[in-house]
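Participant: Following UniProt numbering, the numbering of the sequence shown begins with 180 at its first residue and continues without gaps.
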Amino acid sequence: LRRGAAAPDLAGLRVVVSAGGTREAVDPVRFLGNHSSGKQGYALARTAAARGADVTLVAANAALPDPAGVRVVPVTSAVELAAAVEAERAGADVIVMSAAVADFRPATSVASKIKKSGGAPAPIELVENPDVLAGLVASRGRDGADQVIVGFAAETDDVVANGRAKLARKGCDLLVVNQVGGGRAFGTEDNQAVVLGADGSAVEIPRGPKEDLADRVWDLVRDRLPR
Ligand code: CTP
Ligand code: CA
């Protein structure tokens, strides 16, 4: 399927896509963040809408325009993202977690700006954030929800082996694994991935526009929808 000429093959589907990168407040002016641009998630939302799906985009801090025909729910932190995805979960047929969710947040959110006061800076204590993807998998089947659940991973070194282990650990249906390092993935226009399936499948998606990767992901999702 090519962009622009897409058949409405996802018509009638409710999909939720998370995109961007969460920010964890250190104080009122600082945060812990990551390099996710949100472009791949926005491409997923755009292509799903173009193929007829009813799309909700849970958007974390991406400096990108709202895609046409997509409902956008803005969030900042991982805890906010978790709440937004949970609120959208019940009626969804497909959930794609492309957001880079911070694993940890500062244990205390300081109300006043941290000042240089002479002497050594105080360490920032961290606590673990909820694992949204694992939570979705755990709650699948509740409220009649039988979603196709897709995760993303950015890996270095042995990308496929790391991806397989992560897929098994997370329990989702598909894991889109990007290789990072060497200028790949973060903020670039192109992407390249291998999509691992819980059924043992591995589909290589050659380097190309993020829209093309998004379309291939939706093809693989479509093949896994209950009919
Ligand atoms: N994810 C999530 N909630 C988190 C962390 C990650 O939902 N708190 C999701 C991401 O959106 C992604 C998938 O889990 O779809 C994999 O994220 P990743 O960071 O690669 O996995 P982790 O289990 O956090 O493992 P790692 O220690 O490699 O970061
Ligand atoms: Ca992580």
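Glycine is no exception: its CB is placed at the ideal position from the N, C-alpha and C atoms.
Small disclaimer: the values here were computed from a predicted structure and weren't measured.
For Leu-180, name the three-state secondary structure that DSSP assigns.
Facilitator: Only weak support exists for where Leu-180 lies, its pLDDT of 48 falling under 50; the value from the coordinates is given anyway. Looking at Leu-180 - three-state DSSP - the assignment turns out to be coil, as it is neither helix nor strand.
Participant: Taking just the CA atoms, how far does Ala-299 sit from Arg-250?
Facilitator: Looking at the two C-alpha atoms, the distance is approximately 46 Å.
Participant: Determine the DSSP secondary structure at Ala-333, reduced to helix, strand or coil.
Facilitator: Reduced to three states, the DSSP call for Ala-333 is strand.
Participant: Would Ser-318 and Arg-268 qualify as a contact pair, given that the criterion is a beta-carbon distance under 8 Å?
Facilitator: Yes, these two residues count as a Cβ contact at 8 Å.
Participant: If you measure from the CB of Asp-322, is any heavy atom of ligand 2 nearer than 7 Å?
Facilitator: Result no, Cβ not under 7 Å from ligand 2.
Participant: Is Phe-331 near ligand 1, judged by its Cβ being under 7 Å from some heavy atom?
Facilitator: The answer is yes for Phe-331.
Participant: Is any non-hydrogen atom of ligand 1 found closer than 7 Å to the C-beta of Ala-266, if you look at the structure I gave you?
Facilitator: No, Cβ of Ala-266 sits at least 7 Å from all heavy atoms of ligand 1.
Participant: Report the residue from Asn-341, Thr-287, Leu-354 whose alpha carbon sits nearest the alpha carbon of Asn-308.
Facilitator: The shortest Cα separation from Asn-308 among Asn-341, Thr-287, Leu-354 belongs to Thr-287.
Participant: Ignoring anything shorter than 3 residues, give me the beta strand (DSSP E) runs that lie fully in the region 275–356, in order along the chain.
Facilitator: Entirely contained in the region 275–356, the beta strand (DSSP E) runs reaching 3 residues are, in chain order, 283–285, 305–307, 327–334.
Participant: Measuring straight from C-alpha to C-alpha, what distance separates Leu-236 and Ala-198?
Facilitator: Their backbone Cα atoms lie some 7 Å apart in a straight line.
Participant: Near Ala-393, what residues of its chain come up, given a Cβ to Cβ distance below 6 Å and the 5 sequence neighbours on each side ignored?
Facilitator: Cβ within range, chain order: Ala-222, Leu-223, Thr-226.
Participant: Buried or exposed: Asp-402, going by 16 or more other Cβ atoms within 10 Å of its Cβ?
Facilitator: Exposed: under 16 other Cβ atoms inside 10 Å.
Participant: Could you check if Leu-404 is buried or exposed, using at least 16 other CB atoms within 10 Å of its CB as the buried criterion?
Facilitator: So Leu-404 ends up on the exposed side.
Participant: Looking only at its chain, what residues have a beta carbon closer than 6 Å to the beta carbon of Gly-231, apart from the 5 residues adjacent to it on each side?
Facilitator: Around Gly-231: Pro-187, Leu-189, Ala-190.
Participant: For Val-382 and Leu-354, what's the separation of their Cα atoms in angstroms?
Facilitator: Going by the C-alpha atoms only, they are around 10 Å apart.
Participant: Check whether the Cβ of Asp-336 lies closer than 7 Å to any heavy atom of ligand 2, and answer yes or no.
Facilitator: Checking every heavy atom of ligand 2 against the Cβ of Asp-336, none is found closer than 7 Å.
Participant: Quick check: Ile-328 and Val-339, are their CB atoms within less than 8 Å of each other?
Facilitator: In this structure, Val-339 does not lie closer than 8 Å to Ile-328 by Cβ.
Participant: Only counting the same chain, and skipping five residues up and downstream in sequence, which positions put a Cβ closer than 8 Å to that of Leu-180?
Facilitator: Low per-residue confidence applies at Leu-180: pLDDT is 48, beneath 50, and the placement is therefore not dependable, though the value from the model is reported in the following sentence. So the qualifying residues of the chain are Ala-186, Asp-188, Arg-230, Asp-394, Asp-398.
Participant: Compute the distance between the beta-carbons of Ala-263 and Val-252, then report whether it is under 8 Å.
Facilitator: Yes.
Participant: Could you tell me whether the Cβ atoms of Gly-379 and Lys-349 are closer together than 8 Å?
Facilitator: No, the Cβ-Cβ distance between Gly-379 and Lys-349 is not below 8 Å.
Participant: Suppose you measure from the CA of Val-359 to the CA of Leu-375; what does that come to, to the nearest Å?
Facilitator: The straight-line gap from Cα to Cα measures roughly 17 Å.
Participant: Let me check one thing: in DSSP terms, what residues is Asn-370 bridge-paired to?
Facilitator: Answer is Gly-387, bridged to Asn-370.
Participant: Under 8 Å, do residue 411 and Ala-281 count as touching if we go by C-beta distance?
Facilitator: What is shown of the chain runs 180 to 406, which leaves residue 411 out entirely.
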